Amino acid sequence: MPEIRTGEIVETEWWPESVTVTEDTDISDISSTSFTPGSPVCATTFVAPRSGRVGVAVSAEMREESLGNRLFVSYEIYQGTSAAGTLVRSARAGFGVSTNGDAGGTSQFMTLGNMSMVENLVEGATHYIRTMHSVDAGTTNDIGLRRLTVIPLA
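Note that this note's numbering gives residue 121 to position 141 of the sequence shown, counting from 1, and the numbers run on in steps of one.
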């Protein structure tokens, strides 16, 4: 990867724009213990910068109504314009947000957010990112909003 030096003019294709996508459709009574994208899908595409690194912020309004059953919202990334592309980052609990498992019975949504860095993306390539969610067990956890922001990093 070429180095960017002090005083060098940075071409716009080196620094693609940040992208954000929000989906505010309620998803109720989530029961899948495997990560699923939900419907409608909260997804967008982005172009990897010259560095191959991006910051991904994921946030969600989450309501845990089943004591002891955590709700997870994460993301997965594909190289290409859809989930038919090559998977480069799979959804997992450590790359997103989760409830803590002891708020059962609450009627309030909590807004939670987290940011992580993704490296080794193919520079200049289009990537597809979407939220994914799952639960430990149970069927009474809900999502009120999902949001992803992708920020190019040097």
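All C-beta atoms, glycine included, are put in the ideal place defined by N, C-alpha and C. Keep in mind that this is a model prediction, so the values were computed, not measured.
*For L101, which three-state DSSP category applies?*
coil
*Indicate whether R110 and V21 have their beta-carbon atoms separated by less than 7 Å.*
Against a cut-off of 7 Å, the Cβ pair of V21 and R110 comes out as a contact.
*For T79, which residues from the same chain have a beta carbon less than 6 Å from its beta carbon, with the 5 sequence-adjacent residues on both sides left out?*
Leaving aside the five residues that flank T79 on each side, the residues in its chain whose CB is nearer than 6 Å to its CB run, in chain order, M42, E44, R50 and L51.
*Can you give me the Cβ contacts of T119 inside the same chain, cut-off strictly under 6 Å, excluding the 5 residues immediately before and after it?*
D9 and S11
*Given a threshold of 16 other Cβ atoms within 10 Å of its Cβ, counted over all protein chains shown, does P133 qualify as buried or as exposed?*
Correcting the residue identity first, residue 133 is Leu in this sequence and not Pro. Counting the other CB atoms within 10 Å of its CB gives L133 a total below 16, which places it among the exposed residues.
*Can you tell me whether DSSP reads D4 as helix, strand or coil?*
coil
_For T24, report the span of its beta strand (DSSP E) as first-last._
A23 to V27
*What are the residues that DSSP puts in a beta bridge with D122?*
D122 pairs with R43.
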